[in-house]
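So the protein sequences, as listed, match chains L and D.
Position 273 of the first sequence, counted from 1, bears residue number 273 in this note's numbering, the numbering being contiguous throughout.
Position 350 of the second sequence, counted from 1, bears residue number 751 in this note's numbering, the numbering being contiguous throughout.
Yeah, the Cβ is synthetic: ideal placement off N, Cα and C, and Gly gets one too.
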Amino acid sequence: MKIIDYSDRDHYKTQAFQTPFHERAAAFNQKHCWGRWKDYITANTYYDTATEYFAARNACSVFDLTPMTKHRISGPDALDFMNRLVTREVGKIKPGRVGYTVWCNDAGQVIDDGTIFHLEEGVYRLCSQEPQIDWLMTSAIGFDVDIVDETHDVAGLAFQGPTTCAVLKLMGLEGIENLTPFGIAKFDLDGFELTVSRTGYTGDLGYELWVAPEHALTLWDRLFEAGALHGIRPIGSEALEILRIEAGFILAGVDFLPANEAVRPGRTRSPYELGLGWLVHLDKPYFTGKRALIKEKENGSRYVFAKLNIEGNKPAHQSFIFDKRQKFAGTVTSAAWSPSAKVNIALATLEAPHGKPGDQLLAEIYYQRELKWSRVMAPCTVVEGVFWDPPRKRETPPPDF
Amino acid sequence: MTDQNKAPNAGKVVIIGAGHNGLVCAAYLAKAGFEVNILEARHEVGGAAASHEFAPGYRVSSTGHLLYRLDEQVIKDLDLASHGLEMAASDLPTVALGSEGRHLKIHDDRITGEDVSREDRNAFMAYRERMLRFARIISGLDDKIPPRIASGERADNIGLGRLAWSIRRLGKKDMREFLRIAGINIYDVLEERFENELLKGALSLDGVLGTHLGPRSNNSVFTALHRLGGSVNGKQGAVAIPRGGMGAVSEALVKAVEALGVSILTGAEVGHVEIENGKATGATLVTGEIMPADYVISCADPKTTFLKLIGPRQLDAGMVRKVSNVRQKGNAAKLHLALDGLPKFTGLEAAQAGHRLVVAPDLEYVERAFNHVKYGEHSAHPVMEITIPSVHDASLAPEGKHVLSAIVQYAPYGPGSDSAGFEAQVMETLARYAPGIREQVVASELLTPNHFEDRFGNIGGHWHHAELALDQFLMLRPVAGAAQYAAPVDGLYLCGAGCHPGGGVSGQAGRNVAQLISGLDK
Ligand SMILES: Cc1cc2nc3c(=O)[nH]c(=O)nc-3n(C[C@H](O)[C@H](O)[C@H](O)COP(=O)(O)OP(=O)(O)OC[C@H]3O[C@@H](n4cnc5c(N)ncnc54)[C@H](O)[C@@H]3O)c2cc1C
């Protein structure tokens with residue numbers, strides 16, 4: 001089953017596609033609360049955000065991530081190509097492993113972040129928020145590589161939460177408990193291939209499950225059958241938003257502007273300015289943006305990415321951040337009340353040199369009570385670690401349930 | 402031999418390509434105290450500024466045959482006259498060849514010929530004066546490093562300010578006219594002013610020679626202005642023939658650089674630029690030999706320099722895309738004829754045979770000639786710029802014999818480039834004006850852009866290495882981010898026709914980059 005059949009001359013009449021899981025997802029989606037994600041409609045929420053959030057933190061959650069952009073890169077120069085494309089050393093990502101990375105334009109500004117799946121020797125899958133085919137084709141000039149957009153050829157579910165490993169074992173994935181974080185394993189499920197990676201966007205124990213679209217419904221059914229007594233629930237993008245902010249993960253278009261979409265100068269961010277300097281390997285051969293990043297390292301960055309712990313319980317959505325002398329210091333890009341950490345958290349982009357761990361700042365928060373708007377200047381502290389970081393995220397085998 | 406006066410040890414320079422720009426660059430750097438080595442792939446030096454013997458005893462300029470842009474400061478600074486550069490003819494008039502011998506002669510701001518009205522004559526005087534003035538705005542930047550836009554640097558702002566001021570200084574009326582026509586097509590501009598078809602055709606040729614443009618293409622006014630920016634013996638807009646052909650410029654330059662202690666290695670094709678930690682450290686020959694240097698300067702065209710010598714793997718992907726998109730497919734071919742006597746052009750006095758003769762009978766003709774090349778075919782009825790240099794320089798042909806050198810457009814670059822079929826058509830066109838010429842031909846040769854690419858190593862075989870157009874000029878030449886002569890690799894510079902201020906035998910790019918580097922060194 002191809003999701004998109006380009007030979008269908010009427011394809012343009014379809015405004016948005018349904019993912020191969022749609023039939024099942026729709027049955028759960030009591031509120032018919034759908035949203036648009038790239039070419040697809042996906043659930044914003046199925047029940048209510050809190051229920052879904054707690055499923056992910058206390059049991060297990062299923063999120064349909066089929067719309068995520070996926071490109072397959074292979075050919076004799078695949079490794080060299082990947083290394084020239086992204087900031088980190090791809091040679092260190094062995095076959096069967098996944099690595100998180102960013103890639104930049106010539107000016108060292110982040111185009112997108114994503115994950116590299118080293119599927120088999122010399123064959124990579126790049127997963128990203130934004131479509132990248134144009135940039136990949138540009139980057140391919142002078143390289144012997146094949147690049148295929150396989151977004152619509154691979155269906156995916158993010159399966160996240162403490163009971164996930166137990167459920168996958170029940171589903172018959174033998175040895176799944178031995179899969180280490182960022183590992184990839186393949187299984188036979190009812191005669192078709194299921195690829196499992198121990199990856200996710202929630203900062204917790206979890207997996208991502210990948211199948212050909214025609215097997216999507218079988219996967220869904222088998223998963224929900226196995227997870228019935230382990231609190232399995234589908235979750236939508238609203239719950240995921242809280243989960244990823246707790247985990248400190250940035251989102252393209254929200255926490256940074258993809259460099260290829262920026263029109264105004266100064267709106268983009270470098271990896272250093274997104275707290276991702278650890279992904280920049282200046283000691284590897286040339287990659288796009290390297291010269292600019294070396295220069296930035298010498299001259300200093302303009303911005304600092306910060307995680308904020310804000311006093312009170314009013315989420316600091318889109319807040320301006322000030323220093324103690326009430327001078328502008330930056331803005332919040334993502335904010336949430338963290339139900340697990342029980343703190344009011346935010347991700348922010350601050351003007352350097354603000355943003356050192358321990359810095360005391362003020363968040364200007366507007367809030368409404370019974371249609372009356374008020375404002376607080378809530379003290380906040382720049383924190384170093386992420387807000388949610390359970391040991392089970394790293395443990396192999398993970399604790400059983 | 403080294404110059405005693407020069408500062409010792411300014412640094413070691415390797416120049417890739419002994420094109421005339423590379424030679425000029427070498428000379429200035431050697432004068433400034435640098436140790437300069439030139440690596441040239443061919444066995445001859447001078448690049449496209451060359452002469453060659455195409456039949457026993459017959460020599461011609463291999464590509465360009467008229468000198469109109471060679472920078473007079475370069476001639477002076479490098480003392481090229483004392484190194485043997487001499488003009489066989491300077492300030493040549495143009496003859497627009499008409500049918501049945503009804504030609505027009507154009508010299509300075511004067512037109513002679515039967516069919517041209519007094520209105521056209523007057524209009525031409527005003528046109529010529531204005532075009533020369535407008536051309537000076539563009540040529541005023543020839544010896545400058547192109548300013549960058551929005552860099553925030555003082556030098557760039559001054560450069561942009563100077564450009565704006567030179568336009569503003571024209572006065573309101575001329576400024577408006579300059580801004581109106583500088584980017585548009587010469588067809589419209591000529592149609593606005595003149596009635597005589599032959600005159601318009603001949604003038605339009607100046608806007609399309611050496612480019613992938615027809616008279617109706619935007620930018621063709623700009624190209625004409627670029628051509629008019631140079632001067633010969635202090636006279637702006639003049640054209641000259643060097644004694645010995647264009648190769649003589651290179652020969653004089655070689656003498657100049659050798660006197661300054663520059664070493665030239667021929668048959669030395671560079672495979673790639675050595676890059677260590679983002680800095681150019683030398684050039685590696687295809688044989689594997691590494692020539693270390695503090696500065697590496699490439700005289701090759703932009704695509705060769707970026708995509709072959711540096712290579713995509715050492716460059717940002719966006720830069721590679723920009724360079725890949727540089728338009729540099731040549732359309733100018735060269736016809737060389739060895740003739741057993743002076744050809745007889747209908748209605749042309751023998752004394753005029755040494756002028757610049759152009760075949761561009763009307764605007765439609767030129768535009769139609771261009772049409773073919775858009776589809777990868779050569780023109781059925783080509784346009785031509787003809788010189789018979791042996792009229793001025795007896796050394797080019799055996800006694801009593803002559804050589805004809807003609808730039809012929811349009812020839813496609815690439816697979817459509819069948820020079821045999823094209824040559825027949827070119828000869829047919831020529832015979833329309835000089836009916837007996839075919840019988841006089843002792844030997845002939847037609848070189849297409851593909852030949853130039855093979856011979857001179859510039860991808861596309863383009864006159865200017867990269868198309869000369871407003872979107873590939875000044876701070877956009879060859880591409881933004883490399884338009885200040887510095888490649889995006891430390892220690893690596895460009896000096897060929899593909900950089901500011903473009904091609905033609907001028908030496909300006911070579912001079913500018915040398916001055917940039919010797920300025921850095923101070
Ligand atoms: C058909 C035609 C007609 C023209 N007519 C005129 C005219 O009438 N008047 C005029 O002024 N101009 C004319 N020109 C333009 C003029 O000839 C050129 O713009 C000019 O010669 C370019 O000089 P350059 O030094 O920048 O580059 P080039 O002369 O192209 O020199 C580049 C040199 O680099 C060398 N090189 C390249 N790659 C390597 C490598 N890897 N290793 C070592 N060496 C390398 C090449 O062999 C070459 O010698 C004409 C051009 C053409 C094609």
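Apart from the 5 residues on each side of it in sequence, Arg244/L sits with its Cβ closer than 6 Å to the Cβ of Tyr201 in its chain, given in chain order. When the Cα atoms are used, Arg839/D and Tyr814/D turn out to be separated by approximately 27 Å. A residue is called buried once 16 or more other Cβ atoms fall within 10 Å of its Cβ, and Trp864/D is buried on that count.
Between Val90/L and Thr115/L, the C-beta gap is not smaller than 7 Å, which leaves the two residues out of contact. In chain order, Ile176 place their CB closer than 6 Å to the CB of Leu168/L, counting only its own chain and leaving out the 5 sequence neighbours on each side. Relative to ligand 1, even the nearest heavy atom lies 6 Å or more away from the CB of Gly683/D. Cβ atoms of Ala583/D and Leu626/D come within 8 Å of each other, at about 7 Å.
Interface flag for Asp106/L against chain D is set, since a Cβ pair is found closer than 7 Å.
By the C-beta criterion, the region 120-127 of chain L is judged not to be in contact with the region 22-36 of chain L, since fewer than 3 inter-stretch pairs fall below 8 Å. Residues of the region 710-731 of chain D whose Cβ lies closer than 8 Å to any Cβ of chain L, in chain order: Gly712, Pro713, Arg714, Gln715, Leu716, Asp717, Ala718, Gly719, Met720, Val721, Arg722 and Ser725.
Excluding sequence positions up to five before and after Ala335/L, its CB lies within less than 6 Å of the CB of Pro315, Ala316, His317 and Ala346, all in the same chain and listed in chain order.
Residue pairing by DSSP places Ser806/D opposite His737/D and Thr788/D in a beta bridge. Residue state for Arg470/D is assigned as coil, using DSSP reduced to three classes. Counting C-beta pairs closer than 8 Å gives fewer than three between the region 719-731 of chain D and the region 786-797 of chain D, which falls short of the contact rule. The CB of Pro889/D comes closer than 9 Å to the CB of Asp106 and Arg291 in chain L, given here in chain order. Taking a C-beta distance under 7 Å as the contact criterion, Leu743/D and Ala754/D qualify as a contact pair. Secondary structure of Asn586/D (DSSP, three-state): coil.
Closer than 7 Å to the CB of Ser139/L there is at least one CB belonging to chain D. When secondary structure is reduced to three states using DSSP, Asp134/L falls in the helix class. It is roughly 42 Å from the alpha-carbon of Phe455/D to the alpha-carbon of Ala411/D.
Fewer than three Cβ pairs drawn from the region 383-394 of chain L and the region 413-421 of chain D lie within less than 8 Å of each other, which leaves the two stretches out of contact. Look at Gln160/L here: in three-state DSSP terms it is strand. Comparing alpha carbon positions, the residue from Asn634/D, Gly672/D, Asn619/D and Asp702/D closest to Asp872/D is Asn619/D. With fewer than 16 other Cβ atoms from the protein chains shown falling within 10 Å of its own Cβ, Trp566/D counts as exposed.
Look at the region 60-86 of chain L: the residues with a C-beta under 8 Å from a C-beta of chain D are Asp80, Arg84 and Leu85. In this structure, His504/D has its CB at a distance of at least 6 Å from all heavy atoms of ligand 1. Restricting attention to beta strand (DSSP E) runs no shorter than 3 residues, the region 471-513 of chain D encloses them at 488-491, 495-497, 505-508 and 511-513, ordered along the chain. Ala306/L carries a strand assignment under DSSP once its states are collapsed to helix, strand and coil. With distances taken between CA atoms, Ser919/D lies nearest to Tyr894/D out of Gly904/D, Val906/D and Tyr894/D. Neighbours of Ile294/L across chain D, judged by C-beta separation under 8 Å: Gly679. Taking all protein chains shown into account, Trp135/L has 16 or more neighbouring C-beta atoms within 10 Å of its C-beta and is therefore buried.
Not one beta carbon of chain D lies nearer than 7 Å to the beta carbon of Tyr124/L. Interface residue (Cβ-Cβ distance to chain D less than 7 Å): Tyr272/L is not classified as such.
Excluding sequence positions up to five before and after Leu542/D, its CB lies within less than 7 Å of the CB of Leu564, Leu875 and Pro902, all in the same chain and listed in chain order.
The Cβ-Cβ distance between His118/L and Pro95/L falls below 7 Å.
In the three-state reduction of the DSSP assignment, Arg856/D falls in the helix class, which pools H, G and I.
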